[in-house]
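Numbering (the working numbering), first residue to last: 1 to 189.
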């Protein structure tokens with residue numbers, strides 16, 4: 001039976017700072033935090049703000065390679081959490097061609113394990129949906145109540161790196177006590 005998936009989106013981006021970037025991800029029912037590196041955070045902000053990078057970046061290279069081989073990103077899935085680290089799957093689709101070089105009516109779907117931060121940048125570049133498994137949503141604390149005020153518009157940056165400073169003091173207690181159940185099944189087994 002296929003895993004139940006819930007559509008999610010990037011709700012807020014906090015950072016980037018030298019130590020990293022916090023993403024608030026979720027849907028109308030739940031919001032959770034994922035921390036990523038500062039460079040990936042900056043790439044996400046550039047995509048949200050429709051700002052081109054100063055020079056082509058690795059995400060641009062990968063997007064162009066996929067386009068060049070007529071491979072489309074079908075969806076992104078935040079698939080599991082292993083040792084307090086989020087994992088993702090990049091789901092790709094390519095039309096299959098026959099010996100004559102023409103499309104034979106079949107499609108090949110490939111699932112590639114990848115870092116969620118890279119997948120999120122690619123999702124923003126390509127406009128595809130992002131999902132989380134129910135297992136992930138069940139494992140993370142809901143920080144919806146800790147978020148105060150409206151979501152700032154991603155198109156109107158303010159301050160360094162295009163973000164308003166936000167008061168996250170309400171999140172502190174939830175993160176200090178957060179740990180995943182050590183009895184989770186090992187996905188490598």
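Glycine included, each C-beta is placed from N, C-alpha and C at the ideal position.
Note on geometry: alpha-carbon atoms of residue 93 and residue 14 lie some 32 Å from one another. 110 is the residue among 101, 102, 110, 83 whose C-alpha sits nearest the C-alpha of residue 90. Taking C-beta separations shorter than 8 Å and ignoring five residues to either side along the sequence, the partners of residue 69 in its chain run 94, following chain order.
Residue 132 sits buried, since 16 or more C-beta atoms from the chains shown fall within 10 Å of its C-beta. Comparing alpha-carbon positions, the option among 30, 3, 135 lying closest to residue 146 turns out to be 30. Shown here for residue 115: same chain residues with a beta carbon closer than 7 Å to its own, the five before and five after excluded, namely 88 in chain order.
Comparing alpha carbon positions, the residue from 11, 141, 16, 124 closest to residue 81 is 141.
Residue 73 carries a strand assignment under DSSP once its states are collapsed to helix, strand and coil. Under the three-pair Cβ rule at 8 Å, the segment 72-79 does not count as touching the segment 45-60. Judged by DSSP in its simplified three-state form, residue 40 adopts helix.
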